[in-house]
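In our numbering, the protein residues as written are -13 to 133. Don't be surprised by glycine CBs; every beta carbon is placed ideally from N, CA and C. The next block holds one structure in the form of structure tokens; read it before the comments.
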């Protein structure tokens, strides 16, 4: 299970040696904070291609609201970056993302369909999209033993 705050870190997720990775990302700002995008890896495209345009976190220290907080000492440089780079606080979106991520693992354990990609905006869930994976995970045992 993985959730990184930047795409640059995600570019190597399929190179870390795990047979199956579930990655969940949330929207970043006031317009897309209800969005969830979930990937499983390995996928039909390598992680470096999925996040090829990804950059490390935006530089936000020069934005007026954060410049004044930084100058006053109310926040340190790290705190300003974290504040500006995080999504609007909406714990229900993280709960949905976590549920979807766990469901991918459960589907794998039960021999069900696994998805390369699930995209969902909680504002309009009827327009969700899923892409089945072409990978064959039938021989993968992620640590489950029948009792």
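Among the bridge pairs identified by DSSP, residue 102 is matched with none. Within the same chain, and ignoring the five residues on either side of residue 31 in sequence, no residue has its Cβ closer than 7 Å to its Cβ. Rounded to whole angstroms, the separation of the alpha carbons of residue 29 and residue 91 is 15 Å.
Each residue's CA atom was taken as its position, placing residue 106 and residue 86 some 10 Å apart. Across the set 55, 38, 80 and 57, the C-alpha of 80 shows the shortest separation from the C-alpha of residue 12. Burial of residue 101 is indicated by the presence of at least 16 other C-beta atoms within 10 angstroms of its C-beta.
The C-beta separation of residue -1 from residue 83 comes to about 16 Å, leaving the pair out of contact by the 8 Å criterion.
Here DSSP, grouped into helix, strand and coil, assigns residue 29 to coil. The criterion of a C-beta distance shorter than 8 Å is not satisfied by residue 17 and residue 108.
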